[in-house]
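Worksheet: the structure to be examined is printed underneath.
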Amino acid sequence: MSTLWALTRRELQALWCSPIAYVVGAVFLFLQGFVFWLLIAVLNDPRVDPAFTLAQFFFGNTFFYWFAALITAPLLTMRTFSEEKRTGSIELLLTAPVTDAQVVLSKFLGAWLAYVALWLLTVPYFVLVHSLAPLDWGPILTGYLGTALLGCVLIAIGILASSLTRNQVIAAVLSFVALLLLFSLGILDVFIRDPEGSKVIQYLSLIEHLTGFAKGFVDTRPLVFYLSATAICLFLTGRVIASPRWRA
Amino acid sequence: MTTAISVEHLTKRYDTVTALADIAFDVQPGEIMGFLGPNGAGKTTALRILTGILAPTAGTARLDGLDVTEHPLEVRRRIGYLPEHVALYPEMRVQEYLAYRATIKAVPARGRRARIDEALEQCALTDVPRKLIGRLSKGYRQRVALADCLLAHPKILILDEPTVGLDPHQIRQTRGLITALGRSSTILLSTHILPEVEMTCHRVAIIDKGRIVAVDTPQALRQRMQGTEVVRVELRGEPGAVEEALRALPGLAAVTRQGTRDGTSTFDVETQPGADVREAIFRLAVERRWTLRELAPRQLSLEDVFIRLTTKEET
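Shown next as structure tokens:
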């Protein structure tokens, strides 16, 4: 356990010391700040359906939410394995008495914690609203929960992409394209006539899941989907890392 | 006592290239073994297999009696590895990096601080513990990596070209450190510098083109090298008479017949150091009317390697 924590801390430190994290963080917060301002402006309009809540808009119902999610995950994960492969520090890491699982998990946890931390920086927006108007915290909590769970999948895909190449940029592009494909599956729903196929698409639709979370539902179906997709990606990453050790 | 390192039939093939061809050697506990060979001979590949980074195509490698592919974690607990290209995390400070490495190497938290100080001391890093690794010179970084090797007091140290990139003063320091460490651990180090081996190692394995050409003490190897030269002679004549005549020449150590085909015989003529018998052989052939087909100093592979090593590197 102390090994896993030491490895994770080193991941967080690497992010903390890299300019990428700050650029990503700044752009992320700028985007979220803009979205928040926009939402307040929209919700203040008396013509808006009073059934809509702030959480519902904020989590998953704007273009900006998805843009922020799909762009930050690749940027936070791109260096995890590719940079170690490029410099060669992976050799020292893999000759230390640590398991592949610990290495992969620490990379994942490091990036995921950073991702969650970025989102948590938006909590003050809600606190601000709370000080001025009544606010239902339930959907906001589940909205964050959904965002964190979705983050697991996004980060895991990014880690897998990073393990495949020595080049950070390629890793970022790979994971961004993969995430975009996964995201656009949900939009495809409109084109599918076959009811069975439509069901599958709906199950995979990230937007659908998050809308649920933002309404205050914690559904086990997306939960299973997120966790299993994360597990599969991390397992594959472990195999990629171990591949030089396979006997031909 | 179990053999510290035991390698049998180790082979590593990439698609078309054979990096290691059926090599075998043993290292006894407490021994400093040198892996000597030109660049690209397969030294690094062998060391990477021993550390478990790479799987062999065939054969086994055991460290402290444990197969490296079957007990990777146990093996890693027993080794300290200094890779050929030292890559550390530039954003960390020396002491911080060593603390991180000590934690993942499961050095008990109690004595961790003392171990780090000890390693800093051993590798002459006491003046830079708070410096960022990225700001250090190559020599210092090399020593940080070496300090990292020593943290967990490993039984076996595997050092890939430990003195490359150091200045002469640092080279001397590092060699002194290796000799000192050899008193408590087993060391396998690779190098392409002959004097380094002579100064630090108890035994040497000479490796060339993926094969082990010789394993011996540095002194014995040097003797073997300087002892004799071999000339290959191929001529047409009655084999028995030729052999007799060759043996009669002055300055010869030994004559061995390699074979006879279509009336021509091949001999390997070993000469004493400094003696060149080629002209004498030529005159002999003319005298006896034997047709001389070949007269050439034979390249011994071991000698070959030695020459390549000794002529390329200054002390």
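Residue numbers (numbering that gives the first Met the number 0), protein chains in the order written: chain A, 0 to 247; chain B, 0 to 314. A virtual CB, placed ideally from N, CA and C, is assigned to each residue, including glycine.
| query | result |
| --- | --- |
| Per-residue DSSP class, three states only, for Leu-106 of chain A | According to the sequence as given, residue 106 of chain A is Lys; it is not Leu. Helix, per DSSP. |
| Pair within 7 Å by beta-carbon distance, Ala-3 of chain B and Ile-155 of chain B | yes |
| C-alpha gap between Phe-66 of chain A and Tyr-225 of chain A, whole angstroms | 19 Å |
| Touching by the beta-carbon criterion (3+ pairs, under 8 Å), the segment 152-167 of chain B and the segment 130-139 of chain B | yes |
| Ala-284 of chain B: first and last residue of the uninterrupted alpha helix (DSSP H) it sits in | 277-287 |
| Chain A within 7 Å of Ile-48 of chain B, Cβ atoms only | no |
| Under the three-state DSSP convention, the category Met-32 of chain B falls into | strand |
| Extent of the continuous beta strand (DSSP E) run through Val-254 of chain B | 251-260 |
| Asp-267 of chain B in three-state terms, based on DSSP | strand |
| Interface partners of Gly-51 of chain B on chain A, CB under 9 Å | Leu-93, Thr-94, Arg-244 |
| Tyr-80 of chain B at chain A interface by Cβ criterion, 7 Å | yes |
| Same chain only: Cβ atoms within 6 Å of Leu-144 of chain A, ignoring 5 sequence neighbours per side | none |
| Given Pro-28 of chain B as reference, the closest of B:His-8, B:Lys-42, B:Asp-14, B:Asp-63 once Cα atoms are compared | B:Asp-63 |
| CA-to-CA distance, Ala-252 of chain B to Val-285 of chain B, given in whole angstroms | 23 Å |
| Spatial neighbours of Thr-121 of chain A in its chain, beta-carbon cut-off 7 Å, leaving aside the 5 residues before and after | Gln-31 |
| Exposed unless 16 or more other CB atoms sit within 10 angstroms - verdict on Glu-69 of chain B | exposed |
| Gly-87 of chain A: contacting residues in chain E (beta-carbon distance under 9 Å) | Judged by its chain identifiers, the structure shown contains no chain E, and its protein chains are A and B. |
| Contacts around His-317 of chain B, its chain only, beta-carbon distance under 6 Å, and the 5 residues preceding and following it disregarded | Nothing about residue 317 of chain B can be reported from this structure: the residues present for chain B run from 0 to 314 only. |
| Backbone CA spacing between Glu-10 of chain A and Glu-228 of chain B [nearest angstrom] | 59 Å |
| Cβ neighbour criterion (16 or more within 10 Å) applied to Gly-109 of chain A | buried |
| Any 3 or more C-beta pairs closer than 8 Å across the segment 254-271 of chain B and the segment 191-198 of chain B | no |
| Extent of the continuous beta strand (DSSP E) to which Thr-10 of chain B belongs | 4-12 |
| Where Thr-17 of chain B sits in the DSSP three-state scheme | strand |
| Cβ contact (3+ pairs, closer than 8 Å) linking the segment 33-52 of chain B and the segment 208-220 of chain B | yes |
| Which listed residue (A:Val-22, A:Leu-178, A:His-208) has its alpha carbon closest to that of Phe-58 of chain A | A:His-208 |
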